[in-house]
Amino acid sequence: MDTVDLARLQFALTAGAHFSFVALTLGLATLVAVIQTRATIGRSAVHLRMVRFWGQLYVINYAMGIVTGLVMEFQLGLAWRGLTDFAGNAFGSALALETVVAFFVESTFLGLWIFGWDRLNRWAHLALIWVVVLTAYASAYWVLVANGFMQNPVGYRREGGVLHVADVAAMLTNPAATVAFGHVLSASFLLAAFVMAGVSAYHLARRTAEREFFRKSLRLGLGVSLPATFLTATFGGIGFGLLQPGKAAAFNADPARIAQVQAEMTALHGPGDYVPPQGWVSAGGITMLAVFGLLFYLSIAGVLLMLFRRAVYGFRLWHWTLVATIPLPFIAMMGGWIFREMGRQPWAVYGLLTTAEAMSPMTEGQARFSLIAFTAVFAVLVVINYWLLARTARRGPGEVSLGGAPRPTVPERPDPALTF
Amino acid sequence: MEILVLAFFAIGYLVLAGADIGVGMVLPYLGRTPGERREVLAAIAPFFLGNEVWLVAAGGMLAGLFPRLEGELLAGNPGVVVALLLSWVLRDAGLWLRSRLAARAWQTWWDGVIVAGSWGLALSWGSLLSGVIGIAGPPALVPAAVLAALFAAHGLAFAALRLRGTLRHRAAVLSGHSGGTGEGRTFALTAIALAVVGVLTGTRLALEAGSSGSWLTPVILALLPVLVAAQAWVWWTFRHRVTGPSYL
Chain A
3 MDTVDLARLQ FALTAGAHFS FVALTLGLAT LVAVIQTRAT IGRSAVHLRM VRFWGQLYVI
63 NYAMGIVTGL VMEFQLGLAW RGLTDFAGNA FGSALALETV VAFFVESTFL GLWIFGWDRL
123 NRWAHLALIW VVVLTAYASA YWVLVANGFM QNPVGYRREG GVLHVADVAA MLTNPAATVA
183 FGHVLSASFL LAAFVMAGVS AYHLARRTAE REFFRKSLRL GLGVSLPATF LTATFGGIGF
243 GLLQPGKAAA FNADPARIAQ VQAEMTALHG PGDYVPPQGW VSAGGITMLA VFGLLFYLSI
303 AGVLLMLFRR AVYGFRLWHW TLVATIPLPF IAMMGGWIFR EMGRQPWAVY GLLTTAEAMS
363 PMTEGQARFS LIAFTAVFAV LVVINYWLLA RTARRGPGEV SLGGAPRPTV PERPDPALTF
Chain B
1476 MEILVLAFFA IGYLVLAGAD IGVGMVLPYL GRTPGERREV LAAIAPFFLG NEVWLVAAGG
1536 MLAGLFPRLE GELLAGNPGV VVALLLSWVL RDAGLWLRSR LAARAWQTWW DGVIVAGSWG
1596 LALSWGSLLS GVIGIAGPPA LVPAAVLAAL FAAHGLAFAA LRLRGTLRHR AAVLSGHSGG
1656 TGEGRTFALT AIALAVVGVL TGTRLALEAG SSGSWLTPVI LALLPVLVAA QAWVWWTFRH
1716 RVTGPSYL
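Chains A and B are the protein sequences, given in the same order. Quick note, in the working numbering, the first sequence goes up one by one and the last residue is 422. Quick note, in the working numbering, the second sequence goes up one by one and the last residue is 1723.
(1) When you compare only the Cα positions, how much space is there between A1666 of chain B and R1566 of chain B?
(2) With 8 Å set as the bound, which would you pick, yes or no: does the beta-carbon of Q38 of chain A sit closer than that to a beta-carbon of chain B?
(3) In three-state DSSP terms, what is D1567 of chain B?
(4) Compare the C-beta of E401 of chain A against all C-beta atoms of chain B and say whether one is closer than 8 Å.
(5) So, T1661 of chain B versus A1632 of chain B, is the Cβ gap smaller than 8 Å?
(6) Tell me which residue opens and which closes the beta strand (DSSP E) that E1545 of chain B is part of.
(7) With DSSP collapsed to three states, give me the class of W282 of chain A.
(8) Can you tell me whether DSSP reads R1573 of chain B as helix, strand or coil?
(9) Could you tell me which chain A residues have their CB closer than 7 Å to the CB of W1563 of chain B, listed as they occur along the chain?
(10) Just how far apart, CA to CA, sit S95 of chain A and P155 of chain A?
(11) At a Cβ threshold of 8 Å, is M3 of chain A touching chain B?
(12) To the nearest angstrom, how far is the alpha carbon of A2 of chain A from that of A1705 of chain B?
(13) Going by other Cβ atoms of all chains shown within 10 Å of its Cβ, with 16 needed for buried, is P1613 of chain B buried or exposed?
(14) What span of residues does the alpha helix (DSSP H) with W132 of chain A cover, start to end?
(15) Quick one: Cα of A419 of chain A to Cα of I68 of chain A, how far?
(16) Anyone know if the C-beta pair for S372 of chain A and V1557 of chain B falls short of 8 Å?
(17) Taking the beta strand (DSSP E) that L158 of chain A falls in, what are its first and last residues?
(18) Ends of the alpha helix (DSSP H) at H1644 of chain B?
(19) When DSSP labels each residue in this structure, what does T421 of chain A get in the three-state scheme?
(20) Mind the definition here: the segment 1583-1593 of chain B touches the segment 1493-1500 of chain B only if three or more C-beta pairs lie below 8 Å; say whether that holds.
(21) Does any residue of chain B bring its CB to less than 8 Å from the CB of N91 of chain A?
(22) First and last residue of the alpha helix (DSSP H) that includes A1578 of chain B?
(23) Are the C-beta of E75 of chain A and some C-beta of chain B separated by less than 8 Å?
(24) Rounded to the nearest angstrom, how far is the Cβ of F106 of chain A from that of A1532 of chain B, given a contact under 8 Å?
(25) What are the start and end residues of the beta strand (DSSP E) that includes H166 of chain A?
(26) Leaving out five residues before and five after P247 of chain A in sequence, what residues of the same chain have Cβ atoms less than 6 Å from its Cβ?
(27) Mind checking the segment 1702-1713 of chain B against chain A and listing, in chain order, the residues whose C-beta falls within less than 9 Å of any C-beta there?
(28) In the DSSP assignment, what are the bridge partners of V351 of chain A?
(29) For S1721 of chain B, which three-state DSSP category applies?
(30) Taking only three categories from DSSP, how would you classify M308 of chain A?
(31) Rounded to whole angstroms, how far is the Cβ of L330 of chain A from the Cβ of L296 of chain A, which I believe are closer than 8 Å?
(32) For S1687 of chain B, does the three-state DSSP call read helix, strand or coil?
(33) Quick one: which chain B residues come within Cβ less than 9 Å of R83 of chain A?
(34) Would you mind reading off the limits of the alpha helix (DSSP H) that contains Q77 of chain A?
(35) DSSP on F196 of chain A, reduced to helix/strand/coil?
Now the structure itself:
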């Protein structure tokens, strides 16, 4: 592998891990906020316990989303200086707005939600989770504005060899960003819905004590999954109409169109290989579509079955099917992400800057060290994250520490008051 | 104006997150048992999420307002930046994970990771500082060590304001156990020192703004009161001393 491949692999591993965490976070935060709304309005004890249990899974996962996201933000300037030098004035503003419009408030309020559980008025606590959810959406939107610009650069002018923003509105309404935002957001609902349904089905199959708790959770998960599949497919369908010619040609494995793309790009940009890696693009796209098809049927079947209380409590084959389904939406999302990003190659900013040009001048040793170090750390953390999620999910609502008051480890003793 | 916006977030990070990094550095000194360490971590628990976003925002300002400097600073110091990011990831992972399991070995391991990550962060910032002010080779260790010591002192001062009893007594070593006033004064002093380091380092950076500032800066300035209010809500909610362990 040369230096570009090493740097690409590193960014792909970080971004892919980040995307898989964030997808669950976006969807699960929404479900938690919905449950907390129900719990707050009705003062319902079972819903309050549901907030704590699903919120615990959400918080464990959120932490991994943060640490991978932090690395990504700085990796852009570290390993992709060609990109930030060339396009930083244009798409960098979307990243800047992501930090102040979305992430800053999201993280600050999430801290308040986690640690202020019993200190805040319950309506204030409810408002916090909704702000966290909405700013999480905003965060996804701004990141997709930056990514959409790389897929389909609009609203820029080229001056002095670098890009500048010419039309903010065009950048913010870029279909490559807005359609992707709708698609990713709906897919994250679908993902979280199937995670919720699968974990609930596990407890129902094992006949654990929490029958009502998991019956409600199962129904919420499946109930959300169906509209989510329709939304995901709608935005995905519109997205298919917006594919770059190279991506569409590679996906369809159409030799005539591939040759045409190659000829047109060569005429525009000089000699080079302008066809994205066909194997990756078609495998990613087909995986996404096939798994989605399966999820669609599982969702319809689930919504019908959940209407029958006997099935909800006793249909074990269905329960275990739902448990086995948990990894599927993750696989579909990864497939879709590979399809989108591999299909953009060889461009970092489509038609303007190649991935090779986007790289920082770094030595192979530096690229290799950084790849190995981050991959090792993230591999361990990813394994721990999913192990911890599975363990927490299996142990059920009785052993959740979020929102509970941990016993003091140091006995209370009088302490002089703080005076200034 | 762009420079002020960047400085606001960068100095906010140094002063606020400097405290939680410092507490992580002196964790073995403050907390001698796993239970004590958990109580020490409760001092920073509600704040560290809201503190590190200042750096995320500073990074966002670099990307949006100073794209040229972003590349120079990050790609120009690859080793230090990789070390900084790895330390940050490990420190955060340690904070999030250490109390998820009750096993003693698990907690001791992650306590160790928190301490190592915090030292890594402090020393990486110090090395980056050396790089920015143009000191290379072995002499670069001097500014790195000084800044790390400053972070640690700031952490102790913060812990003295947040903890009670024995833990507070240990943390108040810098203020000579002179009580609340002395503790407040020590914290103000270390905070000012960190801010001064931030300003002086900033004067050595090539702060040449990009082309987006004309429309981006007003948007960011308009948002600042919201961001500060969100943070103030956190500080106000957790203004009292720690009374026991938290979620972390």
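C-beta atoms are modelled at their ideal positions from N, C-alpha and C, and glycine is treated no differently.
On the basis of the coordinates in this document:
(1) The residue you call residue 1666 of chain B lines up with position 191 of the second sequence. The residue you call residue 1566 of chain B lines up with position 91 of the second sequence. Taking the straight line joining both Cα atoms gives about 22 Å.
(2) Your numbering for residue 38 of chain A matches position 36 in the first sequence. No, no contact with chain B.
(3) Taking the second sequence and counting its residues from 1, one reaches residue 1567 of chain B at position 92. If DSSP states are grouped into helix, strand and coil, D1567 of chain B belongs with the helices.
(4) To locate residue 401 of chain A, count along the first sequence from 1; it is residue 399. Not an interface residue.
(5) For the purposes of this step, residue 1661 of chain B is identified with residue 186 of the second sequence, where counting begins at 1. For the purposes of this step, residue 1632 of chain B is identified with residue 157 of the second sequence, where counting begins at 1. Result yes, Cβ atoms of T1661 of chain B and A1632 of chain B sit closer than 8 Å.
(6) Here residue 1545 of chain B corresponds to residue number 70 of the second sequence, with the count starting at 1. Where E1545 of chain B is concerned, there is no enclosing beta strand (DSSP E), although the alpha helix (DSSP H) it sits in stretches over 1542-1550.
(7) What you label residue 282 of chain A is simply residue 280 of the first sequence in a count that begins at 1. Here W282 of chain A sits in helix by DSSP.
(8) Position 98 of the second sequence, counted from the first residue, corresponds to residue 1573 of chain B. The answer is coil: DSSP assigns R1573 of chain B none of H, G, I, E or B.
(9) Reading the second sequence from its first residue, position 88 is the one you call residue 1563 of chain B. Near W1563 of chain B (Cβ distances below 7 Å), the residues of chain A are L72.
(10) If you number the first sequence from 1, residue 95 of chain A lands on position 93. If you number the first sequence from 1, residue 155 of chain A lands on position 153. Computed Cα separation, rounded: 14 Å.
(11) Along the first sequence, one-based indexing puts residue 3 of chain A at 1. Chain B contact via Cβ: absent.
(12) Only positions 3 to 422 of chain A appear in this structure, which leaves residue 2 of chain A out of reach.
(13) As a working mapping, residue 1613 of chain B is identified with position 138 in the second sequence. Exposed.
(14) For the purposes of this step, residue 132 of chain A is taken as residue 130 along the first sequence, with counting starting at 1. Note, W132 of chain A: alpha helix (DSSP H), 124-153.
(15) Taking the first sequence and counting its residues from 1, the one referred to as residue 419 of chain A is at position 417. Taking the first sequence and counting its residues from 1, the one referred to as residue 68 of chain A is at position 66. Because the pLDDT at A419 of chain A is just 48, under 50, the model does not fix this residue reliably, and the value given afterwards should be weighed accordingly. Roughly 36 Å separates the two Cα atoms.
(16) Residue 372 of chain A sits at position 370 when you count from the first residue of the first sequence. Residue 1557 of chain B sits at position 82 when you count from the first residue of the second sequence. In this structure, V1557 of chain B lies closer than 8 Å to S372 of chain A by Cβ.
(17) The count along the first sequence starts at 1 and reaches residue 158 of chain A at position 156. Per the sequence shown, the amino acid found at residue 158 of chain A is Tyr instead of Leu. Here the beta strand (DSSP E) through Y158 of chain A covers 158-161.
(18) One-based indexing of the second sequence puts residue 1644 of chain B at position 169. Run containing H1644 of chain B: 1640-1646, per the alpha helix (DSSP H) assignment.
(19) The sequence position of residue 421 of chain A within the first sequence is 419, counting from 1. For T421 of chain A, the pLDDT reaches just 45, beneath the cut-off of 50, and the residue's location in the model is therefore unreliable, although a value from the coordinates is still provided. T421 of chain A falls in the coil class under three-state DSSP.
(20) yes
(21) Locating residue 91 of chain A in the first sequence gives position 89, counting from the first residue. Closer than 8 Å: yes.
(22) As a working note, residue 1578 of chain B is residue 103 in the second sequence. Note, A1578 of chain B: premise wrong, no alpha helix (DSSP H); not H, not E.
(23) Taking the first sequence and counting its residues from 1, the one referred to as residue 75 of chain A is at position 73. With 8 Å as the cut-off, E75 of chain A counts as an interface residue toward chain B.
(24) By 1-based counting over the first sequence, the position of residue 106 of chain A is 104. By 1-based counting over the second sequence, the position of residue 1532 of chain B is 57. So it is a contact: roughly 5 Å between Cβ atoms.
(25) Position 164 of the first sequence holds residue 166 of chain A. Its beta strand (DSSP E) spans residues 164-167.
(26) Taking the first sequence and counting its residues from 1, the one referred to as residue 247 of chain A is at position 245. Same-chain partners within the cutoff: V263.
(27) L1702, A1705, Q1706, W1708, V1709, T1712, F1713
(28) Counting from 1 along the first sequence, the entry for residue 351 of chain A is found at position 349. The partner list for V351 of chain A (beta bridge, DSSP) reads A:L355.
(29) By one-based count along the second sequence, residue 1721 of chain B stands at place 246. Note: S1721 of chain B maps to coil in three-state DSSP.
(30) Reading the first sequence from its first residue, position 306 is the one you call residue 308 of chain A. Looking at M308 of chain A - three-state DSSP - the assignment turns out to be coil, as it is neither helix nor strand.
(31) On the first sequence, position 328 is the one that residue 330 of chain A refers to. On the first sequence, position 294 is the one that residue 296 of chain A refers to. L330 of chain A to L296 of chain A, Cβ: 7 Å. Contact.
(32) Numbered from its first residue, the second sequence carries residue 1687 of chain B at position 212. In the structure shown, S1687 of chain B sits in coil (DSSP, three-state: anything other than H, G, I, E or B).
(33) Along the first sequence, one-based indexing puts residue 83 of chain A at 81. Under the 9 Å cutoff, chain B gives E1545, G1546, E1547, L1549, A1550, G1551.
(34) Sequence index remark: in the first sequence, residue 77 of chain A carries index 75 (1-based). Taken as a continuous stretch (DSSP letters only), the alpha helix (DSSP H) holding Q77 of chain A covers 47-81.
(35) By 1-based counting over the first sequence, the position of residue 196 of chain A is 194. Three-state DSSP puts F196 of chain A in a helix.
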